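Since the structure comes first, as structure tokens, the remarks are kept for the end.
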Amino acid sequence: MEYVGEHLLPGQLGRLFVSLAFVGAVVAAIAYYFFIQNKQNSFKKLARVSFLVHVGSVFGIVLTLFYLLLSHYFEYDYVWKHSSMELPFKYVFSAFWEGQEGSFILWLFWHAVLGTILMFTAKKWEAPAMIVFALVQAFLASMILGIYPFGLKIGSSPFVLMRNVPENIGLPWTEVSDYLLRFPGFMDGTGLNPLLQNYWMTIHPPTLFLGFASTLVPFAFAMAALFNKDFKGWVKPAIPWAYFSVLILGVGILMGGAWAYEALSFGGFWAWDPVENSSLVPWIVMVGAAHLLLIVKNRKTGLTSAFFMTLLSFLLILYSTFLTRSGVLGDSSVHAFVDLGLSGQLLIYLLFFIVIAFGMFFYRYKGIPKSKKDDELSSREFWMFIGSLVLLIAAFQIIFSTSIPVINQLIGPEGLVPMMSDKMAPPLDAIDHYNSFQVPFSIVIALLIAFGQFLNYRHTSAKKFWKNISLSILVGAGITALFATAYDFWQEPLYLILLFTGIFATVSNIDYWLRIGRGNMSIGGASIAHVGFAMILIGSLISNAKKEVISETNVFLSEDLPSNENALLELADTVKLGQYMAIWNGMRDEDNKQFYDVTYYNEEADGSLKETFALEPFLQMSDQMGPTPNPSTKHYWDRDIYTHVTYSSYLEPRTDDGYSGEVEAEFNRGDTVIYEQHFIVMDSLQVNAAMNEETGEMAFLKLTAKMRIINVLGETYEVAPEYILDGNMLSHEDVYMEQQGFKIRFSDVNTENNKIKITLWTKVPEDEKPFIVMKAIVFPLINLLWAGCILMAFGTGIAIWQRVKRENS
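Under my numbering, the first residue of the sequence shown carries the number -15, and numbering increases by one thereafter.
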């Protein structure tokens, strides 16, 4: 059958590019292997050409998918699921990587870019490192192949037509040649998830996936070193890449926190969601690995640990990929991808590299040089190693708790190898659970950051050390006392200690850079990055531990809207929110968004109100997800006032005649339903029908439901709503009960269970005002967190630049 309106060439081109990308990567890996074995330049040339074909094909995949999205070719399943005619151009990028296939392509793209750079700069490490790159790319390319050899699914293609999607094959519409023109459902896509229609979605995923991709470079160097048995030579070229990974992956994670704070409504920037954790853990391990590499470079010790953590960081990226894409987190994370049937393929991908990496590591373990004597307690390398070990333990705690669904599927009572009698329960309060472990770890790390730079390699004089650091301790203690008094930390010893160590780390690193290092930028990068991290700890602590919910009401709202966290604002009424008086001025509709304009006032000494600021939280209206709250925040240097609408009376549909609160109930003879403190009893069903004498078909049908309405006083009212079918015209004779404020309609007949469907509404009082329910939170000193993010990224960037500059000089 020839289908009308389909654009087949772009899809065929896209599939060709995917096939070339897969084959190019495989051939490159094989050719590099033969080059290592035979030292023939022809194999090296073939390997480079094959990898460049792979790179060109990946770019072709990217351009083709963008072309399909921009052209609105909704015959393609990926385009139909992730875009629409109304989607603004700026969000086409978001649509590109919203789905699993698009995010795999994004990952492929960054690997292709980094692999090309590595291929021309790695020198003697090129062949073994590029084998690793090519193998990883081959596995990733297989994830978007979308083929079914011998009935086995390999990958999910973004270039598959909707009629060729397995669940659609055989459906009646696939037999219609002009289905694109005949059925309205195919004339437009379902659109982008409204939560993702935010500018952060255009920059956060590319940055995060560049961070994911960057962990492959140190991993490839480590694997190459194990393969070549050159156990020390890889450290020097790997260090800049390791810190590049720390920088980019860290920025990507922090962008996610900023996005959550600005666009989501859970009230914060980090919720310890499993998908958030899956990005954080590899970063933590890479931070530890990068510092261990510095130890190896400067002291030639800790090489085994450096190998282990460098390998582990990339393997954790693969494990995170399995967690978030296999469907195993479906019940425990709102961010996880839907399972596309790739869980087995993802598991093979993960296990392949675990076996290869750790197999090679343990096979070469005895040959890896070890230090002949222990590091001194006063040496910098000893405490850097301790810090890396603490980071590893912290990462293990996070990934263990995150992996509870996996553990249940492996060794739970219904698992692959049932070893436990009961399933492990995930933490009831994830934030409290993770914080109870991570706060002590953070204290240790902050303390190590505070005094670590005052230590020398090999040995440090105790007298000199205490002389250099004593000023920072005194200043840090003084500032801590001020903050503890201002924000009432004296009764919370664990938080008080974290506050001190964070401030101590900030002060000591500034002191070290300006006083000991005399402001020299060659050592400034590390100090600035440490200051940034310490400020993140301080900002996170104060903004979360001392946040204040200023919205509350004296009336019961609902179980989902506790009155001690939500304020009821009627139109034009004044409500007290903390130190402010707030007035909701009205609602306005703009581009599927309901904006709620709220003005905040300060009360003057004479009792008058002075306008201070205005906010406009909104509800994003979507057929996909219903109304989605989006916050609006007032930023001050020392605090944020964060607000979002949790409910609105405008969400209640009203009939044209002034009724709302629609409720449906099904009745059979003798059934009773309770509605608004009344009993509704179905007594009988009266049928009045007339037939068409010429055709023998029913020409007229009137069904009358004889019902009684009984109030709590026992007073009975008889009603008889009617369902009328006159030819092809359906109508209803509704019953209005003015005293009770009820509207009753005989709306339908359920032929499956032989029951009638009754719809009831309640009269909206004429004097009832529209209202909203809103949550407002004050986050003190949260800007310390954001400033820390910028400083940490800036400092890490300086450190990378200085290191590359030194290596090239």
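For each residue, glycine too, the CB sits at the ideal point set by N, CA and C.
This one's a predicted model, so the numbers in the text were calculated from it and none came from an experiment.
Tell me which residues share the same chain as residue i and place their Cβ nearer than 8 Å to its Cβ, disregarding the 5 neighbours each side in the sequence.
i      : result
Ile487 : Gly460, Ile463, Thr464, Phe467, Ala518 and Ile522
Ser317 : Confidence at Ser317 is low in this model, with a pLDDT of 47, below 50, so the placement of that residue is unreliable and no value is reported for it.
Asn586 : Gln563, Tyr564, Met565, Leu593, Lys594 and Thr596
His716 : Pro705, Glu706, Tyr707, Ile708, Arg729, Phe730 and Ser731
Return the residue from the list the options that minimises the CA-CA distance to residue i.
i      : options                            : result
Thr294 : Trp218, Phe602 and Ala689          : Trp218
Gln604 : Val491, Tyr634 and Trp568          : Tyr634
Leu164 : Lys108, Val149, Tyr626 and Glu59   : Glu59
Met609 : Gly154, Thr627, Asn576 and Lys618  : Asn576
Leu840 : Ile708, Thr679, Val719 and Ile740  : Because residue 840 is not part of the residues shown, which for the chain are -15 to 793, the question remains open.
Gly642 : Gly234, Asp413, Lys727 and Arg623  : Lys727
Ile494 : Pro224, Gly779 and Ala15           : Gly779
Ala529 : Trp621, Asn569 and Asp416          : Asp416
Ser542 : Ile223, Thr630 and Ile500          : Thr630
Arg787 : Val149, Tyr227, Tyr57 and Trp109   : Tyr227
Val356 : Tyr349, Phe345 and Thr285          : Checking the sequence, you will find Lys at residue 356 rather than Val. When only C-alpha atoms are compared, the closest one is Thr285.
Glu722 : Asn738, Ala13, Ser34 and Pro749    : Pro749
Arg638 : Pro754, Tyr496 and Phe684          : Pro754
Glu159 : Tyr75, Met(-15), Leu685 and Lys451 : Met(-15)
Asn695 : Asp667, Gln661 and Leu525          : Gln661
Ile201 : Asp214, Asn182, Val230 and Thr186  : One point to set straight first is that residue 201 is Val, not Ile, in the sequence displayed. Closest option to Val201, Cα to Cα, is Val230.
Just to confirm my understanding: we take residue i, look at its own chain, exclude 5 residues before and 5 after, and list those with CB closer than 7 Å. What are they?
i      : result
Ser535 : Glu549, Asn550, Ala551, Leu561, Met758, Lys759 and Ala760
Val682 : It is worth fixing the name first, because residue 682 is Met in this sequence and not Val. Only Ala673 and Met675 meet the Cβ criterion.
Asn870 : Because the chain in this structure spans residues -15 to 793, residue 870 falls outside the shown range and cannot be described.
Pro41  : In the sequence as presented, Pro is not what sits at residue 41; that position holds Ser. These residues qualify, in order along the chain: Phe1, Leu4, Ala5 and Gly8.
Glu82  : His66, Leu176, Asn177 and Leu180
Met404 : Ile395, Gly396 and Pro397
Phe88  : Leu124, Met127 and Ile128
Ile338 : Leu299
Ala341 : Met207, Leu295 and Leu299
Ile782 : Met505, Gly508, Gly509 and Ile512
Asp718 : Pro705, Lys727, Ile728 and Arg729
Phe321 : The predicted position of Phe321 is uncertain, since its pLDDT is 49 and thus under 50; a value taken from the coordinates is nonetheless stated next. So the list reads Gln84, Thr308 and Arg309, once near-sequence residues are dropped.
Ala379 : Val265, Ile268 and Val269
What are the boundary residues of the alpha helix (DSSP H) that residue i is part of?
i      : result
Ser3   : Leu(-8) to Asn22
Arg795 : Lying before the first or after the last residue shown, residue 795 is absent from the chain, which here runs from -15 to 793.
His275 : Pro258 to Arg283
Lys448 : Ala446 to Ala470
Ser420 : Ala414 to Gly436
Ile728 : Taken as a continuous stretch (DSSP letters only), Ile728 belongs to no alpha helix (DSSP H), being part of the beta strand (DSSP E) at Phe726 to Asn734.
Glu365 : Arg364 to Thr386
Ala518 : Met505 to Ala529
Lys795 : Lying outside -15 to 793, the shown extent of the chain, residue 795 is not represented and no answer is given.
Could you pull out every residue in the same chain whose Cβ sits closer than 6 Å to the Cβ of residue i, ignoring the five residues on either side in sequence?
i      : result
Trp184 : Trp243
Thr656 : Phe663 and Val665
Ile131 : Ile138
Thr305 : none
Ala106 : Ala113
Ser492 : Ala434 and Ser456
His619 : none
His95  : Gln121 and Ala197
Ile383 : Val265
Gly86  : Phe80
Val39  : Ala96 and Thr100
Leu36  : none
Between which two residues does the beta strand (DSSP E) containing residue i stretch?
i      : result
Met713 : Met713 to Glu717
Arg638 : That residue, Arg638, is in no beta strand (DSSP E); it is neither H nor E in DSSP.
Trp794 : With the chain represented from -15 up to 793, any question about residue 794 goes unanswered, as that position is not in the structure.
Met666 : His662 to Met675
Lys108 : That residue, Lys108, is in no beta strand (DSSP E); it is neither H nor E in DSSP.
Met571 : Tyr564 to Glu574
Arg692 : Met682 to Ile694
Ser795 : The question about residue 795 has no answer, for the chain in this structure spans -15 to 793.
Val312 : Looking at the DSSP string, Val312 is not in any beta strand (DSSP E), and its letter there is neither H nor E.
Ala341 : Segment Ser327 to Tyr347 is the alpha helix (DSSP H) holding Ala341; no beta strand (DSSP E) there.
Please indicate yes or no: does the CB of residue i lie closer than 8 Å to some heavy atom of the ligand GDP?
i      : result
Leu335 : This structure lacks the ligand GDP; in fact it carries no ligand of any kind.
*Would you check if there are 3 or more beta carbon pairs closer than 8 Å linking the stretch 265 to 277 to the stretch 365 to 374?*
yes
*For the 8 Å Cβ check, are there 3 or more pairs between the stretch 294 to 309 and the stretch 251 to 269?*
yes
*Which runs of the alpha helix (DSSP H), 4 residues or longer, sit entirely within the stretch 193 to 224?*
200 to 212
*Inter-stretch contact (C-beta, 8 Å, three-pair minimum) for the stretch 710 to 717 and the stretch 693 to 701*: no
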